[in-house]
Structure formats: C-alpha cells, structure tokens
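Below you'll find the structure, written out as structure tokens, and then a few comments.
4 protein chains.
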Amino acid sequence: MSRSTFGTRFTITTWGESHGEALGVVVDGCPAGLPISTEDVQVFLDRRKPGKSRYVTARNESDQVRILSGVFEGKTTGTPISMLVENQDHRSADYSRIKDVYRPGHADYTFDQKYGFRDYRGGGRSSGRETLSRVAGGAVACRFLSELGIRFTTYASSIGPVRAASFDPEEIARNPFCLPDASAAEKASAYLEECMAQHDSTGGVIECRIEGVPAGIGDPVFGKLDALFAQALMSIGAVKAVEIGDGTAVSEAKGSSNNDAFAMKDGTVTKLTNHAGGILGGISDGSTILLRAHVKPTPSISLPQQTVSNTGEPCTLTIEGRHDPVIVPRAVVVVETMAALVLADSLLLNMTSRLDRIREFYR
Amino acid sequence: MSRSTFGTRFTITTWGESHGEALGVVVDGCPAGLPISTEDVQVFLDRRKPGKSRYVTARNESDQVRILSGVFEGKTTGTPISMLVENQDHRSADYSRIKDVYRPGHADYTFDQKYGFRDYRGGGRSSGRETLSRVAGGAVACRFLSELGIRFTTYASSIGPVRAASFDPEEIARNPFCLPDASAAEKASAYLEECMAQHDSTGGVIECRIEGVPAGIGDPVFGKLDALFAQALMSIGAVKAVEIGDGTAVSEAKGSSNNDAFAMKDGTVTKLTNHAGGILGGISDGSTILLRAHVKPTPSISLPQQTVSNTGEPCTLTIEGRHDPVIVPRAVVVVETMAALVLADSLLLNMTSRLDRIREFYR
Amino acid sequence: MSRSTFGTRFTITTWGESHGEALGVVVDGCPAGLPISTEDVQVFLDRRKPGKSRYVTARNESDQVRILSGVFEGKTTGTPISMLVENQDHRSADYSRIKDVYRPGHADYTFDQKYGFRDYRGGGRSSGRETLSRVAGGAVACRFLSELGIRFTTYASSIGPVRAASFDPEEIARNPFCLPDASAAEKASAYLEECMAQHDSTGGVIECRIEGVPAGIGDPVFGKLDALFAQALMSIGAVKAVEIGDGTAVSEAKGSSNNDAFAMKDGTVTKLTNHAGGILGGISDGSTILLRAHVKPTPSISLPQQTVSNTGEPCTLTIEGRHDPVIVPRAVVVVETMAALVLADSLLLNMTSRLDRIREFYR
Amino acid sequence: MSRSTFGTRFTITTWGESHGEALGVVVDGCPAGLPISTEDVQVFLDRRKPGKSRYVTARNESDQVRILSGVFEGKTTGTPISMLVENQDHRSADYSRIKDVYRPGHADYTFDQKYGFRDYRGGGRSSGRETLSRVAGGAVACRFLSELGIRFTTYASSIGPVRAASFDPEEIARNPFCLPDASAAEKASAYLEECMAQHDSTGGVIECRIEGVPAGIGDPVFGKLDALFAQALMSIGAVKAVEIGDGTAVSEAKGSSNNDAFAMKDGTVTKLTNHAGGILGGISDGSTILLRAHVKPTPSISLPQQTVSNTGEPCTLTIEGRHDPVIVPRAVVVVETMAALVLADSLLLNMTSRLDRIREFYR
C-alpha cells in the first residue's frame, strides 16, 4: 500500500486538501451487518468542528458528512464505505501571501523539497483539516468497537503548563478544553487569554483510556499494540511524543515498583497496579489501556517570524487571520479515533491466532 | 503481510525463540551492489552481546552470524539476504520453574491468552533475545545508509535517575553504559551496584542522532517519518515512550519559542534551532534527526513477587539466575538499527515522489 | 491493506455499488508534477460507457468524472487523487424481483454466504459497474506511463467463435467490438444478432500489447510481472483465463521452438522471436509485452433459468431488461487500465533495485 | 512488504539461491496449536526432489528440511516458523561457461538489466530450485487446511501433446509424470524419449482440484479468489497461462450453457454443473475448485542455440549437463502448495467478514 492508507484489515484511506473541493475517506474491511447512520459519524466530526469557542479557529465549515457507499438499509455491507465532506470556506485569495514563503513550524519547506511544489492554500494536504477524514473513518471503528463493549474516555490532561489535578469524566464535555477538572479549565482559560494577547500559542497533553479490551490483542514483535498506537498517535500532525502507561516515568523507576503484580479477582487474572498501561509484551492484558500524546503549540502565530522564501530570500513573516491558539481541544477526538482504528484492526487480526478457535469458526 | 515483517520496500522478517535452535532474519528489498561482509554485521551484534560487563547477563553466547543467501562475490545481489545465529546456551531445564507461573512485567500471561499456550523457555519469542534478528537486519540498513553519507550517534542519555550532563561522543564506547559523559558513567556504576545489592533493576533513556539525511524523506499523513520511528522504537520490548526533537517538552512550550526560524546558510535553507528534531510535517528537513526512547527497568528481578499460576493459583515467585540489572546498554544498538531500517525504507520509497526525477531515471 | 486496494506504490482504492449514490476511486502514490485534466480521465471512461451501440446495455449514464483532490493548477501534487462518478440511473424498483433469488453465473449466492446479506440492487458491489472506478484510476496510470514512452494497444481478438484474422490497429475504434479486423467485425455482428434473437449471450478474448517498456521491470519471485498481470486481469469479473505470450500453446511446444534466441540490434540485446511475451523470469526483457484475457458470456440472459431462492426454494428465473449480449467491447479498456496499473507500480518499485542508481539519485 | 513475501495473513517469505549455502522459508501467521513435524513437510519436499526418475535432473540433493523455530512440543506456537534446506551439490565450476552468456528462455539477461549483475551459478535466485522454499512453506498450509477438511488432488493433465483421457486418482502416484491415466503415461514416456533423443524438451499442463472449501471465501474485487490463484500459479517460473474452471473455453461459450444452474441438495444450495470452477464473483461457492496451469518446455536444452554475451557479442551456446526434459512432474507439488497458501490466507481473512460471527467469537 502507499502511505495514505492506515491499517491492514480494518483500513482507512484518506484524501483531500484544506482548500480543495472536498475531503473524504474510504473505510475498507469493516465487517458486514454493523448498524450505522450518518448521524453516528457526524457526532464525531462535530467534536472537531471549528468555530465552537473563542479558543478555536473561526473558519466557517458545517462539515456535514455524506455516506456514498458500503451501507445498505442502515447496515454496513462489508464493502468499502466512502464518506465525503465538502469544503465550503475556500477563500483561496487569503493564502497568496504565504505562497512563496516558508512558514516556521509548518511543512511548506519539506513539501517543496519532496514534491517540487505544493498546494499552498491553507497548508493543502499538510493542514490539520486532513484529520477530518481520519475522524470520519475512526467513527466507524468506534461504532464497531462499541458492539464489543469497548469504551473510550479521551481528554486533555494539560493545556500548556496547566495540568488537570482531578478527574471528573462528566466535566470533559463541559469546558472548551476537554479538561476533566473544572478548576484547571478556569486556569487554562486565563492562560490562553494571555497567549492570545501576546499573539502566541501553546501546546498540551491528550490522554486516552480504553476499557473493555479483552486480553490477547496485539502481536509480539513489530505488531505490538503499543507500537501501533505510537505510530497512530505520532502520525497526527502536531504530536511530538507518545507514552504508554507510566511512559517516560519508567526510565527512572525500579523493577520492583514498575512491575505489576498479578492476582485473581472474580476468577480472572488481574493486575494489582497498571504501570504497564494495559499492554504486556505488546499484547493487551485485559486492564485499562492508557495512552498519552504530547501536542506542540500551534505553529501559526501572528507574531513576526524570521524565515526565507522559496527562492532563498530571507524575510519576515507575519501570519494573519485567526488560528487556534491551542490545537489540543480539537485533537482529542482525533486521538480517540486513531486509537480506535488500531484497536479495531488488531481485534480482527487476532481472530486467526489459534487453531482451536478457527476450527470452531468453520465447523 | 503478517506481523513479523517490518518495512515496505527495505524489509526484515525475523524469527526465532530465546531457547530454540537458532534465531535469524531475512532482509528483502536491499538494493543490489552493496558491498557487505559477515564482519559488517558482526560488529553490530557484538554491541548487544551478553557477558561483556558485570552489568549485563552472563548468558554465554558467541552470537556468530552466518549469511546464507543474497550476497555473491562480496556484494548484495538484490535478492533476499538470510542470516542466522545458532543458540548455544539452551539450558532449558533452568526454566521449568516458570513454566506454569506468570512473571510480572513479562508477556507470559498475554501469550497464553493469545495463543492458548507458549514456549516458556526463557520467554520464547517475547525474550529480548528476539532483538538479535533486528540488529542483524538493521546492520545491513546501516551499511546501506553509510553509502549515502548518513551517520548515527546513539547513546544512553540517562541510567535510572543518573543523567548525562555533557556530551562527548568518544566517551560512549568507553563505559559499559554507553553514556557520553564519563562522570555520569561513574555515578551510574554506583547506582547500579546499589540496585544489584537490592536485587532490583532500573531503566533509562536512549537517544539517537541521525546526520546527513536529505530533506524531503517521509510521507505527509500515515507514513510520517516520526510516526514510523515511533512504531519502530515502541516495538522494542521495554520501550514505553518515544519522543521526537523536544518531545514531551512541547506541551508546555509556546509557539514563538517552539517554532524553528528558517535562514539561509551556504546557499541552503536551514533552521536556526531544531526543536522539531529534523522533521516537519512528517518529512525530513535536512537538519539532525533526534529520537528518544524511554526504557523500563528489567522485569526479571530476584526479589520475591506476588503473582498467579496458569491455573489461577496465587503464589510468590522468585526469579533465579543473573539478569541484566538494566537493559539500556544492550538496547542502544537495537534503537540505532530500528531507526536505520525506517530510514532506509523511507529513502527508497521517496525515490518515486516526483515525475521529473522519474523521467530522468528512466531516460 | 484490505482487499479493495490494488498495488503497492501506485495504488487505487475503489468503492461504490451499481445502484448506490456514486462510485469512485482514490489513487495514491502517483508522482507529483504529472499534468492531468478531467478530460484525460473522461476519454477512458467513455470507452466503457453504456449505450454506445445496440450490442451494449442501454443503461442511461453520462459517467462524468470529477477530480476532488490531489491535482493543483493542472498537475498532480503527489497526494491522493480522489475521483467520483455519480450514479444517475438508479431505478432500484427494477431489482425487486431478484432480491431473494440467486442469479446463475452471478455472485448473489456467494455474497450472501460471505456477508449474511447483500445490496441486491443491480449486483451491488459485484456489478460490472465496479470497473468504472478501476478505469478512472488506471487512466491516471496510463497518463503517467505515456510520459515514459509506454504505449498500449488493446482490442478484442475474438467475439464468441469469431476470431480476428488480420490486425489493423486503425480498425479497432471503427467497429463496436474493438476488433482489429473489419471482416471479423461483420461476422461478429451477425453472430451477436443470432445470440440476441435466442435471448442468449457470448464471450470473447481481449489482447493487450504494451510497447516501450524498458528491460528490468518486475521482480524474480512472487512479484513476477506476469504474476501481477495475471492477478490484475483475473480480478476483472468475467475473466476466467489469462495468458502471457504464447500462453496455453507452450504446453505442447518443444524447448527448441519455444526459446527466443537473443541477437544484437542497433547495439541493444533483442530477441528474434517473442514467445515469452516480453517477460523472462518475471522481468521485462524490452520486447513487446503480450497479455490475453478470456471473458465469459454475460450471465444475465433472458432465457428462463433454474435456480433457488435465498430460503432454499427451487424456482425458475427469467431476467428482464436489456443486458450486454457480450461484455468484451466494454471490458477492453478495463484490461488496458488494469495492465497499466501493474506496470506503473512495477516501474516505481524498480527504481530501488541498484545501489549505483540510488547513489546517483541522492547525489 | 517487498516482493519475496507472499500472502497477507498466512505468509511465506522465501530466500536462497540454486548454488548458495542453503534455501529456506519463514512462515508467518500460521495459527497456534497446529500439530506439525519435520516429516509432514518432508513428504511434500520429496515430491519435488531431483533424481527420482530418468525424466528429471540427476542433481544429487537429499533436500532434508530442518524446522528452526515456531514449533514447540510438536505444535505451532503462532510465531514464525523458519525452515532451512542445505545445498549439497554446489559444483559451482560447472557454471563458468554460462557466466557471461545469456541463456535463451532464462532470466540471465533480465537479471543483469535489473540488478547490474547476477549470481550466475545455476540460475541463482531465478532457478527452479527456488520453489523448494515455497513447497516447504505450502506444506504447512496444507497441514492447516487438512484440519478444516480441505483436500487437494493435483496432477498432470498433459505432457507435451499427450493428454490424459481418463481420470484415476490412484494412478497419479504410480507413474513418473503424475498423470491420472496409465495409458497416457506410456505415451508420455515414449514422447519424452523422443525429445531426449533430439536433445529437446517439452511442456505440459497441471490441474488442481480442491474439495471441501466452504462457500464464502475470497473477496469481491481485487482479492478475488481466482485472481489470487492466478497470481500464485503464474508466479511459478515456467507457467505461462492460468485457467479457472472452463478457462479459455468460456470465450466461445454461450451464457445459457456456461451458467451453472442452482439447485437444492440435502438442504444445501448446490450447482448442477461447475463451469465456474467453484468460484462466483471471486468468492468460493462450495463446489470443487478447479485450477489449471500451462507449463512451458524446459529452456535448458543441449541443442546449440543462438545468443549473445553480456558484452554484446553474438555467439552459439550449447548447454551441457543433464536437465529435466519436462518440468511438469516436479512442478505438480509446487502448484498444489501455492494454491494451498492462497486458500489458507483467504480462509483466515474471511473470519472478519461478519459482525454477528465476530461478536460470537469475542463473547
């Protein structure tokens, strides 16, 4: 496969540019018989829609999805599901100023180096708008996983230096930052106002907890579940670090404190702690899976920046228009859907691991 | 492909168990005409060989590699390169005690859940010995990359809580920890003695710097160079977090300080800083690539641990024999070779990105 | 990848049902900088369009393609090219009669067995209309190959028992059968009138000649160029046999007559004959590539046929409406575009085969 | 994946040259718990072993296989199965004469064009000996399929112009040609003596019948079961045409005679005829699968042949030594094992096609 396809059995192939006619996704390998509606996908897209608070870009897009194939009488048919979202807010003229200049922190320069030229309108294919296709595709994965009793809780655990100090799942949807802590949300609000006043931006951390995953999912070597999550999350534009379970903290821990003791609970093997984040040797162990993604500050800031043009002339660039001062809130659903795609794929792949179960299947 | 193959154009397929007859690797897609000898591979294997200092396992293995195919008259032929290392130190009897008991921090339980049973001798396929095959395969990738002027510097940046405070590349090979700082190496030595006296283990951090990578390598969406590095490094058994460039620090940074300004130097576009770690939008920008992997403490410790048997009986396990008190020093070359495999693959894939260069190629 | 994607570097992912909202394709891996327009694709789609003669279905479809991404200012950008064709002639009501009955020679029964149910409108995903997406994607491959001087001549070499006895390339476009022989076209016309009068259908043979392919393309084992052509052509719904070069005739030949002698011509190695069809050991040898696909008679015939319902009731089925009495003429362009996809992919893959050329590329 | 791996879930990766140290295969994705022994694989290798009759090459090889990984206590573990066969009969000196000359009908010229040079000893990687690795890997697939009640009957249906006129499955193993007709075997023997007296060679046809395949296996578009069989069989060195069911005959048939009527038998849907060869729309229909491969005459003949050297000098080549006058008998098991690999892979892939069955699996 070329590199716009993700997954091996449950796959998405995404396409579309920030200011092209439309963006979309083809989901292939989704099992037949899954009830799904446009609305099931739309609720995910709405979570990343622009214009919902003063802390996100004002771009005017309704982001209404259409399902063009693969669903018949309300159920998936097992054949490819094609979905499409039209771009409404083209305004290509706005981008003429950055046509010939490399924006710091963006992919303008590297695209030119790779392809010889680029669609300079709003970042083209390298725009964060590309994640819209992932979210639509991942929404189908989430719908599928819900049938197997798998549940996601995804949220911002920090916005810039402001960290959530408590965890209230109800709170996540109540503030514009997806923080699980109302008091942290207030502090984040104040911090962002400060950033915006300085024409600056900030980063943050997104956490994803996955419950209900059966033990045994994932492969022992290159297909380790944590390796696939790492690829999935690091493939999201602004993510620069990925952690599983205790993550970076393990490097300073001792074996005696980092190992999770096993015990029996209700007749099942469980772990007394979960430093491992639900994955041992690349394979799920039945406890909660915990992922963490570190998101960089929005590179589009309206402070003057030193850069060069595509003909090698040094210059100063001031990016106009309003941009998200922090990407984190809109990226929460992207992390969730990417994680769902990994898990859907790995659950399907795992079905072939044991002869006894295959024999039973084909009996 | 199934999950024991890594890469798309320059691939390795690994096989072998800790205490089986042998371990090995098939390298496929290596270009024809590359000069390579057994010795070129052996120097990499020697960097991860057991028994080299008192801080690594005493397992007695010479780990001599044989090249069985794909090389003719000292050069690669373009067909698969098969390499094999025989296991000498089987001693399967040692492992009878853990046959029915799940070791904390290991994959015993998850293997049983996935496959219904497991090769319990020394961890079987989930043993760290599996990385031997990766190192042999990645050595070929390193040999290939060296022909294109690409250079790796890989080292431990911390051992447990002891961090390197200075960077002397000459020092890396002089101490048993691969630390680039002689004074830190002394402190690490003291810290490890303490761990060993407590029958405990510790973790650490491995960094990899890659120089000489041309701009334009990597793909914009799922094949982002950083996403592939993340998968590659997180697929190494004990790694629980991966960072690119400033990594986790970006989440607290502001856009104005995190963006790298562009400038001209000797007629080429360069960056004045390198917070991005050499990758923008998933594509290399020509500056040094910087990767960081956080390694957990060795799970095999000789303290008594609470666990359960495979029939659900709670029990206490004390692991005997000598194990590495820290995995980091032997994992340094694994990080380097996995990174090399990603890069070799991406460099080959990139050759098809532009029509003008393809036309020139086929003229 | 799941199975709606074809190729490894130059790939297409197709989607869409016969009577869904639309059909389409995502082309991924097409090099940047290729000039392409909607019209370049449309000419290929027009070659398979229904309603062009009395020997093809009367279904009323304009089959106008839209390019939604991956092309900017008239050139490909190197990112995915999404194309879409709306279905106009839904008339779903017509299909209610076959909703519960398995049409002989069709995939109704096997779809139900695989997926548990099916989109019964016009065959859904198993309809020949699915090839529209392939043709749109393959048109881009043809456009790319033309830049490298590669030329296709594809035609019907027989319609039922009527075989072309002469070869006039100009004639192919002049008759409704794509026969390269005007006299055979007249006979085919008479034969088809007879079939239609009997409410029956017939098959035929499609040949594809490819000129200008450099020597060295294809891989030695599973990626043999002929193996990939075989998969590509056999994946077209009605094809039941594929031949390369002398094809089935080789089984009765002797080595002395089947081997192609080598000779020098204008300083280049050539073959004095071409029994091999331009491929030796799976790799192109620089002479004309010759492929042949055997197409079965249209299974939709209006004679009464014995069958069963999806509840296991024996019954007699008479298919109404007008169907192509022979698929061959509209399948010619499908064979050509599938062959082009294989070749485009293999040409890109081949660029990584030699170190000396890679070194030159990255100099 | 690169091109020495075949399959997606049940895969083989092959390696080795005709006159290298060894040849081998890595089987990945084989389910855990399959009982398998060296002997199970050896019986397949023995079917293609040289030196068994006067109609095959006299090369002296015992072809004893060793299993190096992936099997523990007599059962597969679910991890890669590595197998190896040492080459005993190197005699590299014999090949010095063809080092610089292109043998007609061989891949010498195309390898040089692709890779710049080649391992000229006995054809290197392009030798028919490469199929040994496929047979070892496919033997595991056959072992797996036998657990699901799937049975293969593979035989020569013709040797040169001599066709089997009757079908006695017991006869296949009794004559050196694998013909199912004793009288045809006598004629084939006479014909081959004639060929050998003329220093010439001949081709033939191999048929494979597969019984016990459940309906519903295969995918509707590019993963059609027949397309995958076509790739698999055409990837065998000497095969130049592949047919499914009625094969080439369909092009002259009418729809009314080519369609297979459905009927009920013992409560199951069956077909009254099997022109389709057990596959409808790319998906198995539960009846016998029928494949046919046309094999070219051995290109190595001892008649003088016109050719050129690798420096462009015209010359005459006379190949010495004894070569198989017909490849067919030894290729029978190659066809069978390649078909088994396709089927094993497709059976595993099919397990994910329906939500209801997945839900049951994960209950």
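Chains as they are written, first to last, in this note's numbering: chain A, -15 to 347; chain B, -15 to 347; chain C, -15 to 347; chain D, -15 to 347. The beta carbon of each residue, even a glycine, is placed where N, CA and C say it ideally should be.
Checklist entry - Taking DSSP as the reference, what is the three-state secondary structure of Cys126 of chain C? => result As a working mapping, residue 126 of chain C is identified with position 142 in the third sequence. Correct three-state label for Cys126 of chain C: helix.
Item to check | CB-CB length for Gln59 of chain C against Pro15 of chain C, believed under 8 Å | outcome: Numbered from its first residue, the third sequence carries residue 59 of chain C at position 75. Numbered from its first residue, the third sequence carries residue 15 of chain C at position 31. Checking the sequence shown, residue 59 of chain C turns out to be Lys, not Gln. Their Cβ separation, rounded to whole angstroms, is 10 Å, which puts Lys59 of chain C and Pro15 of chain C out of contact at 8 Å.
Item to check | Whole-Å CB distance - Ala222 of chain C paired with Ile303 of chain C, under 8 Å assumed | outcome: Taking the first residue of the third sequence as position 1, residue 222 of chain C is located at position 238. Taking the first residue of the third sequence as position 1, residue 303 of chain C is located at position 319. Contact flag wrong, Cβ pair sits at about 16 Å.
Item to check | Interfacial residues, the stretch 283 to 315 of chain B to chain C, with Cβ spacing under 7 Å | outcome: none
Checklist entry - Do Val316 of chain B and Cys179 of chain B have their C-beta atoms closer together than 8 Å? => result Your numbering for residue 316 of chain B matches position 332 in the second sequence. Your numbering for residue 179 of chain B matches position 195 in the second sequence. Not in contact: Val316 of chain B and Cys179 of chain B (Cβ atoms no closer than 8 Å).
Checklist entry - Is the beta carbon of Ser37 of chain C less than 8 Å from the beta carbon of Ser235 of chain D? => result The residue you call residue 37 of chain C lines up with position 53 of the third sequence. The residue you call residue 235 of chain D lines up with position 251 of the fourth sequence. The answer is no: Cβ separation not under 8 Å.
Item to check | Euclidean distance between Cα positions of Ala324 of chain B and Gln215 of chain A | outcome: Within the second sequence, numbered from 1, the residue matching residue 324 of chain B stands at position 340. Within the first sequence, numbered from 1, the residue matching residue 215 of chain A stands at position 231. About 16 Å.
Checklist entry - According to the Cβ coordinates, are Ala168 of chain D and Phe28 of chain D closer than 8 Å? => result Stepping through the fourth sequence from its first residue, residue 168 of chain D is reached at position 184. Stepping through the fourth sequence from its first residue, residue 28 of chain D is reached at position 44. No, these two residues do not count as a Cβ contact at 8 Å.
Item to check | Close-in-space but distant-in-sequence residues of the same chain around Val146 of chain C (CB under 7 Å, 5 per side omitted) | outcome: Your numbering for residue 146 of chain C matches position 162 in the third sequence. Within the same chain, Val146 of chain C has close Cβ partners Ala168, Lys171, Ala172, Tyr175.
Next on the checklist: Any C-beta of chain A within less than 7 Å: which residues of the stretch 49 to 61 of chain D qualify?
Outcome noted: none
Checklist entry - Listing by chain order, which chain A residues have their CB less than 8 Å from the CB of Phe345 of chain D? => result Position 361 of the fourth sequence, counted from the first residue, corresponds to residue 345 of chain D. In chain order: Met335, Arg341, Phe345.
Next on the checklist: Can you confirm whether Thr63 of chain D, when its beta carbon is compared against all beta carbons of chain A, has any partner nearer than 8 Å?
Outcome noted: Residue 63 of chain D sits at position 79 when you count from the first residue of the fourth sequence. Yes, its Cβ sits closer than 8 Å to a Cβ of chain A.
Checklist entry - Of all the residues that make up the stretch -2 to 26 of chain A, which are near chain D by a beta-carbon distance shorter than 8 Å? => result Gly13, Pro15, Ala16, Gly17, Leu18
Item to check | Cβ neighbours of Arg32 of chain C in the same chain (closer than 6 Å, five flanking residues each side left out) | outcome: Position 48 of the third sequence, counting from 1, holds the residue named residue 32 of chain C. Excluding positions up to five away in sequence, the list reads Val119, Arg314, Val317.
Checklist entry - At least one CB of chain D closer than 8 Å to the CB of Arg338 of chain A: is that the case? => result Within the first sequence, numbered from 1, the residue matching residue 338 of chain A stands at position 354. Yes - at least one Cβ of chain D is within 8 Å of the one on Arg338 of chain A.
Item to check | Beta-ladder partner(s) of Lys238 of chain D, from DSSP | outcome: Indexing the fourth sequence from 1 puts residue 238 of chain D at position 254. Note: Lys238 of chain D sits in a beta bridge opposite C:Thr186.
Next on the checklist: My parser needs the alpha helix (DSSP H) runs of 4 or more residues fully inside the stretch 110 to 180 of chain C; what are they?
Outcome noted: 115 to 131
Checklist entry - Hey, out of C:His183, C:Ser185, C:Glu320, C:Gly187, whose CA is closest to Tyr139 of chain C's CA? => result The sequence position of residue 139 of chain C within the third sequence is 155, counting from 1. Per the Cα distances, C:Glu320.
Item to check | Leu217 of chain C vs Ile263 of chain C beta-carbon contact at 8 Å | outcome: Within the third sequence, the letter at position 233 stands for residue 217 of chain C. Within the third sequence, the letter at position 279 stands for residue 263 of chain C. Contact: no.
Checklist entry - At what residues does the alpha helix (DSSP H) containing Arg276 of chain C begin and finish? => result Here residue 276 of chain C refers to the residue found at position 292 when the third sequence is read from its first residue. Unbroken run through Arg276 of chain C is the beta strand (DSSP E), 273 to 279; no alpha helix (DSSP H).
Item to check | For Ser268 of chain A, three-class secondary structure by DSSP | outcome: Locating residue 268 of chain A in the first sequence gives position 284, where the first residue counts as 1. Ser268 of chain A falls in the strand class under three-state DSSP.
Next on the checklist: Please return the same chain residues whose Cβ sits closer than 6 Å to the Cβ of Ile194 of chain D, not counting the five positions on each side in sequence.
Outcome noted: Residue 194 of chain D sits at position 210 when you count from the first residue of the fourth sequence. Cβ neighbours of Ile194 of chain D beyond the five flanking positions: Phe136, Ile273.
Item to check | Within chain B, partners of Asp103 of chain D - CB distance below 7 Å | outcome: Sequence index remark: in the fourth sequence, residue 103 of chain D carries index 119 (1-based). Per Cβ cutoff of 7 Å: Phe56, Thr61.
Checklist entry - Is Ser330 of chain C near Lys238 of chain D, with beta carbons less than 8 Å apart? => result The count along the third sequence starts at 1 and reaches residue 330 of chain C at position 346. The count along the fourth sequence starts at 1 and reaches residue 238 of chain D at position 254. No, they are not a contact pair.
Item to check | Residue environment, Gln48 of chain D, which counts as buried when at least 16 other CB atoms sit within 10 Å | outcome: For the purposes of this step, residue 48 of chain D is taken as residue 64 along the fourth sequence, with counting starting at 1. It counts as exposed.
Checklist entry - For Phe101 of chain B, which three-state DSSP category applies? => result Indexing the second sequence from 1 puts residue 101 of chain B at position 117. Here Phe101 of chain B sits in coil by DSSP.
Checklist entry - What does Arg113 of chain A touch in chain C if you count any residue whose Cβ is under 7 Å from its own? => result Walking along the first sequence from the start, residue 113 of chain A turns up at place 129. Chain C residues near Arg113 of chain A: none, gap ~12 Å exceeds 7 Å.
Next on the checklist: Beta-carbon within less than 6 Å of Gly1 of chain D's beta-carbon, same chain only, minus the 5 sequence neighbours each way: which residues are those?
Outcome noted: Counting from 1 along the fourth sequence, the entry for residue 1 of chain D is found at position 17. Residue identity differs from the one stated: residue 1 of chain D is Glu in this sequence, not Gly. Here the set comprises Asp103, Gly108, Arg109.
Checklist entry - Thinking C-beta only, is Lys224 of chain C closer than 8 Å to Gly35 of chain D? => result As a first step, residue 35 of chain D must be located in the fourth sequence, where it is residue number 51. As a first step, residue 224 of chain C must be located in the third sequence, where it is residue number 240. No, the Cβ-Cβ distance between Gly35 of chain D and Lys224 of chain C is not below 8 Å.
Item to check | the stretch 326 to 340 of chain C / the stretch 49 to 56 of chain C touching (three or more Cβ pairs under 8 Å) | outcome: no
Checklist entry - Which residues of chain D have a Cβ atom closer than 7 Å to the Cβ of Tyr139 of chain C, listed in chain order? => result Taking the third sequence and counting its residues from 1, one reaches residue 139 of chain C at position 155. By Cβ distance, chain D contributes nothing, its closest Cβ being about 14 Å from Tyr139 of chain C, past 7 Å.
Checklist entry - If you run the structure through DSSP and keep just helix, strand and coil, what is Gln72 of chain A? => result Position 88 of the first sequence, counted from the start, is the residue given in the question as residue 72 of chain A. Three-state result, Gln72 of chain A: coil.
Checklist entry - With which residues is Gln290 of chain C paired in a DSSP beta bridge? => result The sequence position of residue 290 of chain C within the third sequence is 306, counting from 1. Its beta-bridge partners are C:Thr300.
Item to check | CB of Pro198 of chain B within 8 Å of CB of Gly270 of chain B, strictly | outcome: Position 214 of the second sequence holds residue 198 of chain B. Position 286 of the second sequence holds residue 270 of chain B. A contact, by the Cβ cut-off of 8 Å.
Next on the checklist: If you reduce the DSSP assignment to three classes, tell me which class Leu7 of chain B lands in.
Outcome noted: For this step, residue 7 of chain B is matched to residue 23 along the second sequence. Residue state, collapsed to three classes: strand.
Next on the checklist: On a Cα-Cα basis, can you pick out the residue from C:Val40, C:Tyr346, C:Val326, C:Arg343 that is closest to Pro160 of chain C?
Outcome noted: Residue mapping note: residue 160 of chain C aligns to position 176 of the third sequence, counting from 1. The candidate whose alpha carbon is nearest that of Pro160 of chain C is C:Val40.
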